[in-house]
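Going by the numbering used here, the sequence shown opens with residue 97, and the numbers climb by one from there.
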Amino acid sequence: MALRIADSVYWVGAVDWNLRFCGSYTTPLGTSYNAYLLVDRKTVLVDTVKGTHTMEMVGRIKSVVDPAKIDYFIVNHAELDHAGAF
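Okay, structure coming up:
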């Protein structure tokens, strides 16, 4: 289920509890892949998640809106933790 963080703003990302190393640092408690859904006159998805967590993100989106109704996608950069679910 999506987490409502403000009016019309939802966290739809995922938590990877099993990731222990990311780049040059350790992550003993895992990491989060942050993605946000903005629902107003238009619906916007800001970032996605690592590909292995795609269905988790889609489930969160579906708890708010039909994914087919997303009007715009914003990807901050093309690394897999931001764009992996495309």
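Note that beta-carbon positions come from the ideal geometry of N, C-alpha and C, so glycine has one too.
A Cβ-Cβ separation of about 11 angstroms leaves Y168 out of contact with L133 under the 8 angstroms criterion.
According to the DSSP assignment, R100 belongs to no alpha helix (DSSP H) but to the beta strand (DSSP E) extending over L99 to A102.
DSSP places V154 within a helical segment (H, G or I) once states are collapsed to three. The Cβ-Cβ distance between V142 and V160 does not fall below 9 angstroms.
Residue burial is scored here from C-beta neighbours: D112 has at least 16 other C-beta atoms within 10 angstroms and is therefore classed as buried.
Under the criterion of beta carbons closer than 8 angstroms, I166 and T139 qualify as touching, at roughly 5 angstroms.
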